Amino acid sequence: MSKPLHVLSFIGSGANAGLRFADLRRSGFLELQIQRLPLAYVALDDQIRVLEWNPAAERTFGYSKEEALGRGALDLILPPPLDGQVVEILRRLRTGDMDAHSVNTNRTKGGRIITCQWFNTPLMDSEGRFLGAIALAQDITERTALEERLGQSQKLEAVGRFAAGIAHDLSGFATAINVCTHLLGEVVGHDNRARQLLNEISAVAARSTSLTRQLLAFSRQQNLAPRVISVNDVVRDAEEMLRRLMPKNVRFVTTLDPSVAPILADPGQLERVLFNLVVNGRDAMPGGGTLSITTHGLTSDELAGRGVAGLPPGRYAVLAVTDSGAGMSEETKQHIFEPFFSTKEPGRASGLGLCVVDGIIKQSRGHISVESQPGQGTCFRICLPCAAAHSVATD
Numbered sequence: 006m007s008k009p010l011h012v013l014s015f016i017g018s019g020a021n022a023g024l025r026f027a028d029l030r031r032s033g034f035l036e037l038q039i040q041r042l043p044l045a046y047v048a049l050d051d052q053i054r055v056l057e058w059n060p061a062a063e064r065t066f067g068y069s070k071e072e073a074l075g076r077g078a079l080d081l082i083l084p085p086p087l088d089g090q091v092v093e094i095l096r097r098l099r100t101g102d103m104d105a106h107s108v109n110t111n112r113t114k115g116g117r118i119i120t121c122q123w124f125n126t127p128l129m130d131s132e133g134r135f136l137g138a139i140a141l142a143q144d145i146t147e148r149t150a151l152e153e154r155l156g157q158s159q160k161l162e163a164v165g166r167f168a169a170g171i172a173h174d175l176s177g178f179a180t181a182i183n184v185c186t187h188l189l190g191e192v193v194g195h196d197n198r199a200r201q202l203l204n205e206i207s208a209v210a211a212r213s214t215s216l217t218r219q220l221l222a223f224s225r226q227q228n229l230a231p232r233v234i235s236v237n238d239v240v241r242d243a244e245e246m247l248r249r250l251m252p253k254n255v256r257f258v259t260t261l262d263p264s265v266a267p268i269l270a271d272p273g274q275l276e277r278v279l280f281n282l283v284v285n286g287r288d289a290m291p292g293g294g295t296l297s298i299t300t301h302g303l304t305s306d307e308l309a310g311r312g313v314a315g316l317p318p319g320r321y322a323v324l325a326v327t328d329s330g331a332g333m334s335e336e337t338k339q340h341i342f343e344p345f346f347s348t349k350e351p352g353r354a355s356g357l358g359l360c361v362v363d364g365i366i367k368q369s370r371g372h373i374s375v376e377s378q379p380g381q382g383t384c385f386r387i388c389l390p391c392a393a394a395h396s397v398a399t400d
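Under this note's numbering, the first residue of the sequence shown is numbered 6, with each subsequent residue one higher.
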């Protein structure tokens, strides 16, 4: 551990702390450097009250220098309750630990919670008494979010490669099972019991093939067969089957905008997406409710006005699946597209459904978003660029 900084001749404690601290700034050059620092510069007395507060601190935390001076830093910029990590850092600072740096959450004047990296220097007298501290702070909120997204992306990529390998192996097994059951079918003739067993084996192989397709869609290694189609036609073709999935206490409604332009997509995979979202919506309403499927034709600007920003300019076919069920918390919404994440009981779901949906939509150059609050239902909104925006069919 580095030796603590002894500053008895420069700084005092208590009532004279502010005056003696000014002696640290013995030249205008030092003052200029402090004012021009890109990092928030905060000086504290032995009671952790603010003695100095530069323009970068004003920008970072929202308080002017006049508002900050003399106030307790803990009450000013730390969200309650006091984080145990911060308590430990303060303890270390009071012992003169020059390595008592930290990354912790802070609160701005406007109430926003940010993540800051702090570089702290304790100030001690020659007898080892704590006199205060100077600290530099950097807002790393955006960097932290980017690092988390990068880590998640790398994790998904690794899981995707693993899933693709499993899918190819499963495909080979399913093919072998199907061939064997076909050959056995020719041998057993009219033996009903044997044929029943072969049919059960074939059904298991079919489920294995379905899982294989899900894994490949999740890993985005499944070849799509896009063609110019109507979203409305996909909904109409699947509507009867979807209605059969609804229990009597669920009202099923479709509202299709006739002006929706055609899109370039794989109709079978888009139907898979629709099926998955409808089943999820149904399962979210065990006590009954309403499930609706709607389509709209909107521009990227109109979608931005509805909270779907960042789409390339152009027209989009929008497919929304909305339920009046239990809804989701913010934490759940953060994870719903992750592989193997499910809110259902063990054994009821593979946790791949929404991963598959996300993969298919992204392969189709589309975007999927979710709006949900606990007790207020959920809406999945899919935006697919209209066919006019494509010059060739790819992916």
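Even for Gly, the Cβ is constructed at its ideal location relative to N, Cα and C.
The model shown is predicted, which means the values in this text are computed figures rather than measured ones.
Please list, in chain order, all residues of the same chain as LEU106 whose beta carbon is under 7 Å from its beta carbon, the five residues on each side excluded. A small correction: the amino acid at residue 106 is His; Leu does not occupy that position in the sequence shown. Hits under 7 Å: TRP123, PHE124 and ASN125.
Report the rounded CA-to-CA distance for GLY137 versus GLU335, giving the unit in angstroms. 40 Å
By a C-beta neighbour count over all protein chains shown, 10 Å radius and 16 as the cutoff for buried, is VAL361 buried or exposed? buried
What residues are listed by DSSP as bridge partners for GLN122? VAL108 and GLN143
Do you know how far the Cα of VAL278 is from the Cα of GLY332? 19 Å
Below 8 Å CB to CB, which residues in the same chain sit around GLY273 once its five sequence neighbours on both sides are set aside? ALA230
Cα separation between GLY75 and GLU153? 37 Å
Which first and last residues belong to the alpha helix (DSSP H) in which ALA314 is found? Segment: none, ALA314 is in no alpha helix (DSSP H) and carries neither H nor E.
Leaving out five residues before and five after VAL283 in sequence, what residues of the same chain have Cβ atoms less than 8 Å from its Cβ? LEU247, LEU250, LEU296, ILE298 and VAL326
Does the segment 261 to 269 come within contact of the segment 232 to 243, defined as at least 3 CB pairs closer than 8 Å? yes
On the DSSP bridge assignment, give the partners of ASP130 in chain order. According to DSSP, ASP130 bridges with nothing at all.
Need the endpoints of the beta strand (DSSP E) that PHE66 sits in, please. Per DSSP, PHE66 belongs to no beta strand (DSSP E); it is in the alpha helix (DSSP H), 60 to 66.
When you compare only the Cα positions, how much space is there between ILE182 and GLY310? 52 Å
Is HIS195 helix, strand or coil when you go by DSSP? coil
Measuring only the C-alpha atoms, how far is GLY312 from ALA322? 16 Å
Quick check: the segment 253 to 260 against the segment 190 to 204, are at least 3 beta-carbon pairs closer than 8 Å? no
Rounded C-beta distance between VAL55 and LEU81? I'm assuming under 8 Å. 7 Å
CA-to-CA distance, ILE119 to ASP363, given in whole angstroms: 29 Å
Quick one: is ARG353 buried, meaning 16 or more other Cβ sit within 10 Å of its Cβ, or exposed? Residue confidence is low: ARG353 scores 49 on pLDDT, short of 50, so the model does not pin down where it sits. No coordinate-derived value is stated.
Let me check one thing: in DSSP terms, what residues is ASP271 bridge-paired to? Answer is none; ASP271 lacks a bridge partner.
State the DSSP-derived secondary structure class of LEU261, mapped to helix, strand or coil. coil
Give a yes or no on whether the C-beta atoms belonging to PRO139 and CYS121 are separated by under 8 Å. Just to set this straight, residue 139 is Ile in the shown sequence, not Pro. No.
State buried or exposed for PHE178, treating a residue as buried only when at least 16 other CB atoms are found within 10 Å of its CB. exposed
Beta-carbon within less than 7 Å of GLY330's beta-carbon, same chain only, minus the 5 sequence neighbours each way: which residues are those? GLY286, ALA289, MET290, GLY294, GLY382 and THR383
Quick check: the Cα distance between PRO318 and GLU57, rounded to an integer number of angstroms? 48 Å
Taking the alpha helix (DSSP H) that ARG99 belongs to, which residues open and close that run? 89 to 99
Suppose contacts are defined by Cβ-Cβ distances below 8 Å. Is ILE53 in contact with LEU37 by that definition? no
Specify the secondary structure class of ASP328 as computed by DSSP and reduced to three states. strand
Could you pull the start and end residues of the alpha helix (DSSP H) that ASP51 belongs to? No alpha helix (DSSP H) contains ASP51, which DSSP labels as neither H nor E.
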